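**Student:** Mind having a look at this structure? Questions to follow.
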Amino acid sequence: NHVIRRPHPNVWRVRRCQPIQVEMVVRGYLTGVTSTSAWTAYKRGDREFCGNEMPDGMRKNEKFPEPILTPSTKAAQGDHDESVPPSELYKRKILEPGLYKELARIAMRLYERGVSRATDHGLIFVDTKYEFGISNGKIMLMDEVNTPDSSRYWMVDDYEARFEKEEEPRKLDKEYVRTWLVEQGFTGDGKPPKLTDELRVEAAARYMEVVENFTGEPMQLEVGPVDESIYSILNPFAY
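For what it's worth, the numbering used here labels the leading residue of the sequence shown as 927, then goes sequentially.
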């Protein structure tokens, strides 16, 4: 990956990469609330999604027979990413087939590892996205990996019971915030509604629960400004 070291919780030193303009999205479950989600497509009758055949008779939040890969274009700032099949990436000359197949192989391996780690800690690793770049001719994993910002996590202990009752699983990721935004009528265009303090606190608590599940330790928080400590790290690099 592109990380060289992490001298501060808010600072990474990384290798400079040429970003590959595709997000590799791996989905293990049929879910989602946005207009681009697999569940939205399935609900309107689509059984083909980004080159993947989805079986008839599935229900929301059900596990796919096998994880599927649904690549997404990386849109310019202000625009929306677009989920497309690999053939469309080739047609638009965004990616060559050989490179796509290698990224797909790596993404699936990473997802499998994430599933294993999550299972060990009482979580379901629902889906995620990976970003890659090229550095000195080599593929590099970039950006965040398997975080609640880039992934969905559900609690495993009551998933089956909730699924049978057609209730939503207990979510420990940003889907909680995304669902609230959709309920307010926000679709990703224009200025989003202001998040309430209650919503922000609950979202933070869910993120902390993910950390505590993985580490087995209480989350340690430092309250106060971080500017000075960040500047002390960056000064030697003339930032």
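The beta-carbon is built from N, C-alpha and C at its ideal position, and this holds for glycine as well. Source: prediction; values computed, not measured.
#1: How do the segment 1125 to 1132 and the segment 1091 to 1111 stand: do at least 3 beta-carbon pairs fall below 8 Å, yes or no?
#2: Return the CA-CA distance between ALA1087 and GLU1014, expressed in angstroms with no decimal places.
#3: Rounded to the nearest angstrom, what separates PHE1058 and ARG939 at their Cα positions?
#4: Quick check: the segment 1137 to 1147 against the segment 1033 to 1048, are there 3 or more CB pairs under 8 Å?
#5: For LEU956, which beta-bridge partners are listed by DSSP?
#6: For ALA964 and HIS934, I'd like the C-alpha separation in whole angstroms.
#7: Give me the Cα-Cα distance between GLU1109 and VAL1103, rounded to the nearest whole angstrom.
#8: So for PHE1140, helix, strand or coil by DSSP?
#9: Could you check the C-alpha separation between THR1054 and ARG1078 for me, to the nearest Å?
#10: For the beta strand (DSSP E) containing LEU1049, name the first residue and the last one.
#11: Output needed for ILE1202: all residues of its chain with C-beta closer than 6 Å, excluding positions within five of it in sequence on either side, in chain order.
#12: Could you check how far apart the C-beta atoms of VAL948 and LEU1021 are, in whole angstroms? I think they sit under 8 Å.
#13: Applying the 10 Å Cβ sphere with the 16-neighbour rule, what's the burial state of ASN987?
#14: Going by other Cβ atoms of all chains shown within 10 Å of its Cβ, with 16 needed for buried, is PRO997 buried or exposed?
#15: Indicate the three-state DSSP secondary structure (helix, strand or coil) for ARG932 in the structure shown.
#16: If we call anything under 7 Å between Cβ atoms a contact, is ALA941 one with SER1061?
#17: Quick check on DSSP: helix, strand or coil for GLU974?
#18: So, helix, strand or coil for PRO1162, using DSSP?
#19: If we count the other Cβ atoms within 10 Å of its Cβ and call it buried at 16 or more, is ARG1031 buried or exposed?
#20: Using three-state DSSP, classify THR999 as helix, strand or coil.
#21: Going by C-alpha distance, which of GLU1094, ASP1123, TYR1056 is nearest THR957?
#22: Quick one: Cα of LYS989 to Cα of TYR1085, how far?
**Tutor:** On the basis of the coordinates in this document:
#1: As far as the Cβ criterion goes, the segment 1125 to 1132 touches the segment 1091 to 1111, which means the pair count is three or higher.
#2: Locating residue 1087 in the sequence shown gives position 161, counting from the first residue. Locating residue 1014 in the sequence shown gives position 88, counting from the first residue. Note on geometry: alpha-carbon atoms of ALA1087 and GLU1014 lie some 39 Å from one another.
#3: Position 132 of the sequence shown holds residue 1058. Position 13 of the sequence shown holds residue 939. The straight-line gap from Cα to Cα measures roughly 17 Å.
#4: The segment 1137 to 1147, when compared against the segment 1033 to 1048, does touch it at the 8 Å Cβ threshold.
#5: Position 30 of the sequence shown, counting from 1, holds the residue named residue 956. Within the DSSP secondary-structure output, LEU956 pairs in a beta bridge with GLU988.
#6: In the sequence shown, counting from the first residue as 1, residue 964 sits at position 38. In the sequence shown, counting from the first residue as 1, residue 934 sits at position 8. When only Cα atoms are considered, ALA964 and HIS934 end up about 37 Å apart.
#7: For the purposes of this step, residue 1109 is taken as residue 183 along the sequence shown, with counting starting at 1. For the purposes of this step, residue 1103 is taken as residue 177 along the sequence shown, with counting starting at 1. VAL1103 has its alpha-carbon roughly 10 Å from the corresponding atom of GLU1109.
#8: Counting from 1 along the sequence shown, the entry for residue 1140 is found at position 214. The answer is helix: DSSP assigns PHE1140 an H, G or I state.
#9: Here residue 1054 is taken as the residue at index 128 of the sequence shown, counted from 1. Here residue 1078 is taken as the residue at index 152 of the sequence shown, counted from 1. Using only the alpha carbons, I get a separation of about 6 Å.
#10: Walking along the sequence shown from the start, residue 1049 turns up at place 123. LEU1049: member of the beta strand (DSSP E) spanning 1049 to 1061, first to last residue.
#11: Nothing in the structure corresponds to residue 1202, since the chain is present only between 927 and 1165.
#12: What you label residue 948 is simply residue 22 of the sequence shown in a count that begins at 1. What you label residue 1021 is simply residue 95 of the sequence shown in a count that begins at 1. Rounded, the Cβ-Cβ distance is 6 Å, consistent with contact.
#13: The count along the sequence shown starts at 1 and reaches residue 987 at position 61. Of the residues assessed, ASN987 falls on the buried side of the cut-off, its CB having 16 or more other CB atoms within 10 angstroms.
#14: Here residue 997 refers to the residue found at position 71 of the sequence shown. It is buried - the Cβ of PRO997 has at least 16 other Cβ atoms within 10 Å.
#15: Indexing the sequence shown from 1 puts residue 932 at position 6. ARG932 falls in the strand class under three-state DSSP.
#16: Against the sequence shown, residue 941 aligns to sequence position 15. Against the sequence shown, residue 1061 aligns to sequence position 135. The displayed chain sequence assigns Arg, not Ala, to residue 941. Yes; because the gap between Cβ atoms is below 7 Å, this pair is in contact.
#17: Your numbering for residue 974 matches position 48 in the sequence shown. Residue state, collapsed to three classes: strand.
#18: Position 236 of the sequence shown holds residue 1162. The answer is helix: DSSP assigns PRO1162 an H, G or I state.
#19: Indexing the sequence shown from 1 puts residue 1031 at position 105. If you draw a 10 Å sphere on the C-beta of ARG1031, you find fewer than 16 other C-beta atoms in it, and that means exposed.
#20: The sequence position of residue 999 within the sequence shown is 73, counting from 1. In this structure, DSSP gives THR999 an extended state, which the three-state scheme calls strand.
#21: As a working mapping, residue 957 is identified with position 31 in the sequence shown. Ranking the options by Cα distance to THR957, first place goes to GLU1094.
#22: The sequence position of residue 989 within the sequence shown is 63, counting from 1. The sequence position of residue 1085 within the sequence shown is 159, counting from 1. Going by the C-alpha atoms only, they are around 11 Å apart.
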